[in-house]
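Residue numbers (UniProt numbering): 1 to 1013.
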C-alpha cells in the first residue's frame, strides 16, 4: 500500500469553496505527509496532525455536493483538532482500500510515537470538542509495525469498519510495515525515492486478447509495440530487476518477490498451471523467500535468494539437464538446486537456450545443461545435469558470466604480471566459434575458456550474449562487439565482426553504464539515463516507432524525459525500469496525451476516468460509467485511451450477461471469482490484484478449532475483495451485499461477543464510535430521508434477486456444458475406434494382396519347372486356369470408400468433351495404377492397369448433365456385359456375378457406380 501511495494517483478533492476538483495526491518519500498540487502549487498535510479518518461522506464539506453512489469510495481526514478536514473520493474500490490501509497504518504509527499523556487521553475516549468519543487500541509490540483490525473486508460497511478492534476481535488483521522507515526511524533518503521503479516494454509483448465482439478474451495475445509503453499490471509493482527470456519475463520487486508472465511452456512461469499470462503474476511458492536476482532462458527460469540459494523451474524434458536437478523432468514450481551447491552462496546466474552458468561468492564458475560445442567449458561436449565447477577457471575469480545459444562468455579477475598485486578483469569466451562470435579471429570451437587476446589491454565491467554476437562493456564505459553482422547488430557498419570492434557513432563521448543483448539487437544505457538501441528492428523491438533495422546506435526518443534505471532485452522485445516520475506543476501545464502546453486556445480538461489533464483534442469523446463521473448514468468527458478501454469493457459486458453482477465493482476479475477460496498457511491468501499492505495477520473467529497465536503470512499483493471462507464476516453483510450497497443502513448491527478471557475496558464499549455519542450536526440534518432509504433497500432486494437468478442460470449452463462435454468425449472415442478399425482392416487388405501376389508368382514358377508332359496335360491346364481366375477375382475384389468420401475426377464447370483420361494418385505397389477414361459421352470408366497390359474394371461414373439416376441405371443394365468384357479378362464369369448397381447420389457434377466386392 505504501508503494501505491508514494507513486500517487488522481483523486477528487472537496473544498469549502467551489466545486470538487481533480488533484494529484501522493505520499511524501519519508511517509510523514500527504502532498498534492493545487493551482500549480504543491501543498502538504502532515499526517501527525491527522487525528481521525472518517469513512463515507459525513463532513459538512461533503454535504455541499453529496454523491450517495460514491459514499463507499469517500473518506475524510480530520486535522487541527477536528476543525478542518481533507475530503477525498477514490476512483474505485481497490484504490479506496489501498489508501485507507496505508493512511490508517501511518496515522496509527504516528500515534504510537506520541507521549503517554496523549495516548492516555485517547484511550479514555477524549477526542475533540463537540465530537464523538473515539476509543482505539494500538499495538506497540513492534516499533515499526502497527496493526489495524477490520470487521469486514469491504469498506462499504461503515458500521464494522469504522472501529479499530483489539487483538481479540473477529475478522482479519491488516498490518502494514515499511522496512525503510524502521531502519531510518521514519525518515527516508534519496534511495527510497529511486526504489519506486516503473516498467516499460516494447517489441513483441503480451496483451489482453480481444474477442471478435470486442470483449476481453481469457487468452493473451501478442502485439507489436513500436515505442516504450508502461506495463499493464493488476498490482502496483516496485520493480528492482527484470530478466527477459525468449517468450516470457520474470522480475523481482524491491520487497524480494518474483513475478512472471508471458507464454507458458513446460512450467517456466512457475505458477503450477499451464496458462499464459499477459500481466505479471506472483510466483506464490517463493512468497516466503526473499529473492535478489532472476534470469530467464528459452525453457527455464532461475532465481537467486538473498541467502545465496538457487531455485530453478521450467521444461526439463529435453534430456539436457537444463534445470540442474540431475533429472529430465519438468518442474512447474520453483525447486531449490542442491548437490554440488550445498553450502555455496550463489551471487548471479545467466541462462542460455540450453545451458546455464552461475558465479558464486568465492569467485567459482559452475555450468550445467547441454554440452554441445563445448559450451559448458569442461573440455568436452558432454551434457551435465547438475552444476559442475569449471576447472579451467578454478584458480581465478569469476566476476560475471553471460550465455548465448551455443557460446558462453565470462569476466575473470586475473593477477597482473611481474608479481604486481594488481588485479584486472579480462574477457574469456568459449563454445561455438561460428560467425566469429568468440572474438578469437576464427570460427573454431573452443572447449575450454580462452582469453580474448585482442582485448587484453581493457578491463571489463559487464557483458551480454545474443544468438551470434557477444557484447562487452569496459570499465571506462566503452562498448565492444564481435560476431555476426546480420541486421547491423554490431553497431559498427565498417566491421566484419571477425575481431572485436568499438561501437562509436553517437556513443562517442557517452559513458555507457549498462548493456543488454537480445537475439539480434542490442540496447545500452548511458550515464545520462539515455537508451540507445541498434540491430534488428522487427516487431518494434528497438523502440523507434518503426520496424526498420539500425546499423548504428540510435537514441530512443520516447525515454528522453524519463530516468531509466535498468534495461533488459528479450529475444524480440525490450524492457526498461524507469524511476517513478512524480506529478509536478509542469506536468499539469501540458496535455498528458499530446504534451502540448495549455493556453488561451488550448483549454485544460480532466478525464473523468483516469483524472489526468488533457486538451480538447485528446479528450473530446464521452463515455458512460467513467470511474470518477459525478453522475454515472450520464456520459462524461474521457481521454482517448480511457474511451477505448471503457468501450471494450462495455462490449464485453453486453456479450456476457453474467458480468453485470460485477458492474459496481470493476476491480473484481471474473476469472478470479471462483470457488477456490480455501487458504493454506504456506501460500498467499489470494490472487494478487492490489497491494494495500506488506503483511497479513489472519485470526480466525473459531477459537476452539485454531490456535490463539496469529498465523503471519507474507503477502504484499492483496486483492480488492477478500474472498475467504476462514475469515469471520458479519452475518448481515456478505461480499455481494457490500458491493451492491453504496449507502449503509442507519442502524448498526450488534457487535459479536468477545471470546472468553479477552475482556478489557475498550472491549466493553460499543462496537462503533458513531453509536456512542452521535454528532449534533448529523443528528439535526440526517443524510437521507426514509423514502430514499426504503427505495435503496428495495433496489438492493431486486439486485439480490437478480444475482440469485443469474447464479441459477450459471449453474444450469454449467450442467449443460458438462453434458455436452461428455457427449463430445464419447464421439471422439467412437471416432478413434473407427479410425483404428479402418487402419486395421486396411492393413489386413494389404497383407492379403501381398499373399495373392506371392501365390501367383509361386504358381508361375512351379508351372515353368514342370516337365512338358505334365504342363501339356488338359486336366492340369484346367486346374491352372481355375486357379488364375480365382486369384484375379481376389485381387479385383477390394473394399472402396463411400462415394461421399471420394473426390470427383471432374469439377462442376468442366466440360465433358474436353476432359482427357488422367491417372489417379493412388499407385499400388509400383506395379499397377488407376486410370479413368471416357467410355461414352457422359460415361467414365475407372480401371486398374497392370504392367503386363491387363485392365481390371473398378468403377463407372455418369455425368449429371446427361444422365439422371434412372437413366444411369438403365444404361448400366444394357451395357454391363460390354463394359466387363472390355475391362476384365474374366468378363463372362464376372458379368453373371455382378448385379445392376444403382448410381450413388452426389453433390458433384458426376455420379458414380461400382460393382460390389
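Backbone N, C-alpha and C fix where the C-beta goes; we use that ideal spot for every residue, glycine too.
Residue i (DSSP reduced to helix, strand or coil)
i, result
"residue 498", "coil"
"residue 206", "strand"
"residue 612", "coil"
"residue 344", "coil"
"residue 219", "coil"
"residue 957", "strand"
"residue 406", "coil"
"residue 643", "helix"
"residue 836", "helix"
"residue 886", "helix"
"residue 1020", "The displayed coordinates of the chain run from 1 to 1013. Any statement about residue 1020 would go beyond what the structure contains."
"residue 456", "coil"
"residue 225", "strand"
"residue 514", "strand"
"residue 433", "coil"
"residue 875", "helix"
"residue 100", "helix"
"residue 1019", "Only positions 1 to 1013 of the chain appear in this structure, which leaves residue 1019 out of reach."
"residue 580", "coil"
"residue 575", "strand"
"residue 481", "strand"
"residue 489", "coil"
Close beta carbons around residue i, own chain, < 6 Å, minus the five adjacent residues each side
i, result
"residue 247", "262, 263"
"residue 887", "852, 856"
"residue 905", "Unreliable placement is indicated for residue 905, whose pLDDT of 37 sits below 50; no coordinate value is reported for it."
Alpha-carbon to alpha-carbon, residue j and residue i
i, j, result
"residue 498", "residue 621", "57 Å"
"residue 327", "residue 226", "41 Å"
"residue 858", "residue 981", "28 Å"
"residue 813", "residue 964", "49 Å"
"residue 794", "residue 800", "10 Å"
"residue 950", "residue 864", "21 Å"
"residue 60", "residue 796", "27 Å"
"residue 6", "residue 90", "16 Å"
"residue 836", "residue 825", "16 Å"
"residue 424", "residue 638", "58 Å"
"residue 539", "residue 250", "20 Å"
"residue 200", "residue 3", "18 Å"
"residue 429", "residue 365", "13 Å"
Run of the beta strand (DSSP E) containing residue i, from where it starts to where it stops
i, result
"residue 943", "939 to 946"
"residue 87", "84 to 89"
"residue 359", "355 to 360"
"residue 27", "21 to 27"
"residue 566", "564 to 569"
"residue 451", "446 to 451"
"residue 530", "First-last for residue 530: undefined, no H or E at that position."
"residue 62", "No beta strand (DSSP E) holds residue 62; DSSP gives it neither H nor E."
"residue 554", "550 to 555"
"residue 470", "469 to 474"
For residue i, the first and last residue of its enclosing alpha helix (DSSP H)
i, result
"residue 73", "It is not in any alpha helix (DSSP H) - residue 73 carries neither H nor E in the DSSP assignment."
"residue 982", "965 to 983"
"residue 871", "868 to 871"
"residue 4", "2 to 7"
Close-in-space but distant-in-sequence residues of the same chain around residue i (CB under 7 Å, 5 per side omitted)
i, result
"residue 24", "8, 10, 36, 37, 583"
"residue 614", "591, 592, 593, 605, 607, 639"
Cβ shell of residue i (< 8 Å), same chain only, five flanking positions each side left out
i, result
"residue 53", "75, 76, 77, 78, 100, 103, 104, 107"
The ligand ATP heavy atom lying under 7 Å from the CB of residue i
i, result
"residue 605", "You won't find the ligand ATP in this model; it holds no ligand whatsoever."
Original post:
Given 8 Å as the limit, is there contact between the stretch 292 to 312 and the stretch 240 to 253, that is, 3 or more CB pairs closer than that?
Top reply: yes
Original post:
Below 8 Å, can you find three or more Cβ-Cβ pairs linking the stretch 593 to 608 to the stretch 64 to 77?
Top reply: no
**OP:** Assess, as a yes-or-no matter, whether the stretch 565 to 582 is touched by the stretch 517 to 537 under the definition of 3 or more beta carbon pairs within less than 8 Å.
**Re:** yes
Subject >> the stretch 442 to 455 / the stretch 508 to 515 touching (three or more Cβ pairs under 8 Å) >> reply: no
**OP:** Please determine if the stretch 376 to 391 and the stretch 328 to 344 are in contact, where contact requires at least 3 C-beta pairs separated by less than 8 Å.
**Re:** With a cut-off of 8 Å, the stretch 328 to 344 and the stretch 376 to 391 count as touching, because enough Cβ pairs lie within range.
Original post:
Touching or not, the stretch 342 to 352 and the stretch 300 to 316, by the rule of three or more beta carbon pairs under 8 Å?
Top reply: yes
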